[in-house]
Amino acid sequence: MKLKTQYQHVVPQVYLKQFGFQKKEYGGKWCVSTFNSKTKIWQDRVIKRFLGVNNLYDFTPSSSSMPRMLEEDLHGGVENRLLSIPKYLDGRSNFTRDMKLDIAETMSNFLCRSVRTLNWIQKLVEKGKYEEFFHIITDDNGIFESDDERLEVLQVIRSLGMKDKVNNLMLLYMLHVKIILSNAHMTVYFNTGGFDLFTSDNPVTVLAPGLGVLIDPEMQMFFPLNKDLLIHSYWSSDSLVVNDVTPKPDMMLPMTDHLYEYFNGELITQYHDEFIISPIEKALLDEEE
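First residue of the sequence shown: 1280, per this note's numbering; consecutive thereafter.
This is the structure:
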C-alpha cells in the first residue's frame, strides 16, 4: 500500500495563524510575514504551503499498522488543543499542574517535530549512536512498563529503515522531553501592550549544552505560544540574563522591555533556521520604514 502525498506541516498552520493575517490579493488565504535570513528578503507567505514537507512523518505501511499515527493522532491532537491554552491562561496570575502538562506536551511536540531535531536524530543513527540515545531517553522514566518491553521496542527499531528509525526515535524523544518540561520550572509572560512577539521556523528556542543534555542547571527553553504569550521553562531562575525579570514558577508575569528585546532581538535572530516570522504584515512594516 502506498500512502497518498500529504503536505505535513513542520510548524502547524493553527499556530502560524496566530501570527498571521488574511490577504485579499490571495483570495483571503491566511499568510504570515517572513524574513528569509539567507536571501535577506521580507515576503508574505501563504501558510497552507509554508514550512512543510510531503509525507515527512509517515511510517512505512509495511512496518506499521498506523502509518499516519504521528501526523493525524499525535500532531493532530496537540494542534487541536493549541488554541485552548491561551483561553484558560487568560486573566490568571498562576496556572495549575494540568495546565503546565498541556504546555509541556505542546512545547515538546513543537521541538521534536522540527527539521532541526529530526536531522540531529538522523545523524545519531548514521553515526551508530542511536541505541545509546534510545537507552538514555527511555531509562527508568515510565515510558515503558518493563525492561523486556523496552528491549522489544529497540529490537523493532533496529530492523527499520532510516526514516522509520528517525520517526520512532523522535516519538520517544518527544515523550522524554515532555517529562523533562513537566518537572522543570515554568513561567508564562504576557503582553501588557506593544510587545507583539515574533516566532520562527524553529519555534522552541533551546539554551542548553545540547539537545541530548536538557537536564542541566543552565537549560532554558523559550516558546512564543502566540504573539502575546511567552513560555519560559528552566531549571534555575538564575539562568535568565535579563536583569529586570525574576522568573517565578507556575506564575503569569507581565512582559518587560528587556525580556521582549532579549527574545525578539537576540534569541529569535540566533536560533531560527531560515525564516523569522513577524506578527506585523509586510505592507505595514514597509509603511513603518
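Where is the CB? At the ideal position from N, CA and C, for every residue including glycine.
Since the model is a prediction, treat every value here as computed from it, not as a measurement.
Delimiting residues of the beta strand (DSSP E) encompassing residue i
i: Lys1308; result: 1308 to 1315
i: Thr1466; result: 1464 to 1469
i: Tyr1286; result: 1286 to 1288
i: Asp1323; result: 1320 to 1325
i: Gln1301; result: 1300 to 1302
i: Phe1338; result: Looking at the DSSP string, Phe1338 is not in any beta strand (DSSP E), and its letter there is neither H nor E.
i: Ser1557; result: 1554 to 1557
Expected contact under 8 Å - CB spacing of residue i and residue j to nearest Å
i: Cys1391; j: Val1492; result: With a Cβ gap of about 16 Å, Cys1391 and Val1492 do not count as contacting.
i: Val1483; j: Met1465; result: Rounded, the Cβ-Cβ distance is 13 Å, inconsistent with contact.
i: Arg1371; j: Asp1552; result: Not confirmed; about 33 Å, so no contact.
i: Leu1361; j: Ile1326; result: Not a contact, Cβ separation roughly 14 Å.
i: Ser1312; j: Ser1557; result: 5 Å
i: Phe1554; j: Asn1398; result: Not a contact, Cβ separation roughly 16 Å.
Own chain partners of residue i with C-beta closer than 7 Å, once the 5 adjacent residues on each side are dropped
i: Glu1568; result: Here the model assigns Glu1568 a pLDDT of 49, short of 50, so the residue's position is not dependable, and the following value carries that caveat. Nothing listed; no residue qualifies.
i: Ser1393; result: Val1289, Asn1481
i: Asp1381; result: Arg1360, Ile1364
i: Asn1543; result: Leu1476, Phe1477
i: Gln1297; result: Asn1505, Lys1506
i: Tyr1550; result: Asn1481, Thr1484
i: Ser1387; result: Met1453, Val1456, Lys1457, Leu1460
Residue i, enclosing alpha helix (DSSP H) - first and last residue
i: Tyr1409; result: 1409 to 1417
i: Ser1363; result: 1363 to 1368
i: Glu1428; result: 1426 to 1437
i: Phe1389; result: 1376 to 1391
i: Tyr1550; result: 1547 to 1550
i: Leu1282; result: Note, Leu1282: premise wrong, no alpha helix (DSSP H); not H, not E.
i: Ile1400; result: 1394 to 1405
i: Gln1292; result: 1292 to 1295
Own chain residues within Cβ distance below 6 Å of residue i, not counting five before or after
i: Asp1419; result: none
i: Thr1535; result: Asp1523, Val1524
i: Phe1412; result: Leu1403
Sequence-distant residues of its chain with Cβ nearer than 8 Å to residue i (five each side left out)
i: Gln1285; result: Asn1333, Asn1334, Asp1337, Arg1347, Glu1350
i: Met1378; result: Ile1364, Tyr1367, Leu1368
i: Tyr1541; result: Val1520, Val1521
i: Ser1461; result: Lys1379, Leu1380, Ala1383
Heavy atom of the ligand SAM within 7 Å of residue i beta-carbon
i: Ser1344; result: Only the bare structure without any ligand can be found here, which leaves the ligand SAM out of the picture.
Discussion item. Closer than 8 Å is the cut-off here; do at least three beta carbon pairs connect the region 1397 to 1409 with the region 1520 to 1534?
Written reply: no
Worksheet item: With contact counted as at least three CB pairs below 8 Å, one residue from each stretch, are the region 1442 to 1451 and the region 1331 to 1342 in contact?
Response: yes
Discussion item. At 3 residues or longer, what runs of the beta strand (DSSP E) sit wholly inside the region 1462 to 1542?
Written reply: 1464 to 1469, 1484 to 1486, 1499 to 1505, 1508 to 1513, 1530 to 1533
Discussion item. Taking 8 Å as the cut-off, does the region 1459 to 1479 touch the region 1498 to 1515 (at least 3 CB pairs, one atom from each stretch)?
Written reply: yes
Fill in: At least three beta-carbon pairs within less than 8 Å, the region 1301 to 1316 to the region 1340 to 1349
no
Worksheet item: Which full runs of the alpha helix (DSSP H) of 4+ residues lie inside the region 1438 to 1463, going along the chain?
Response: 1441 to 1462
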